[in-house]
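Structure first, commentary second.
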Amino acid sequence: MPKGYWVSVYPTIEDPEKLDAYNELAGLAVAAADGRVLASIGSRVDAHEAGIAERVVLIEFDSFEQAVTARASAAYQKALAELPDGFERDFRIIEGLDRS
């Protein structure tokens, strides 16, 4: 079964401390859904084309369905409520390739 991934790109972060509450709650929600953070804050980025290298987050789940369910969970919705007003990010859930 193909894995599912959350991919987030943050074009600009003017005040990273405003994300502290979101980061804490999102981390708990991801862990509760058995997600694994593969890349996050502090990861090196070599950006091309649009050049968005501010922050990239990659989280793996055992399946696409699990990734979608985690995004819809009450725990993650609580985290989303903590994102500051006017905050911008590109978030998507993608299905990995089935290599079995």
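The sequence shown begins at 1 in UniProt numbering and counts up one residue at a time. Here a beta-carbon is modelled for each residue, glycine too, at the ideal position from N, C-alpha and C. All of these numbers come straight from a predicted model, not from anything done at the bench.
| Asked | Found |
| --- | --- |
| Given this structure, state the Cα-to-Cα distance separating Ile52 from Met1, to the nearest angstrom. | 31 Å |
| Determine the DSSP secondary structure at Glu95, reduced to helix, strand or coil. | strand |
| In three-state DSSP terms, what is Leu83? | coil |
| Identify every residue that forms a DSSP beta bridge with Asp90. | Val9 |
| Secondary structure at Gly27, three-state DSSP: helix, strand or coil? | helix |
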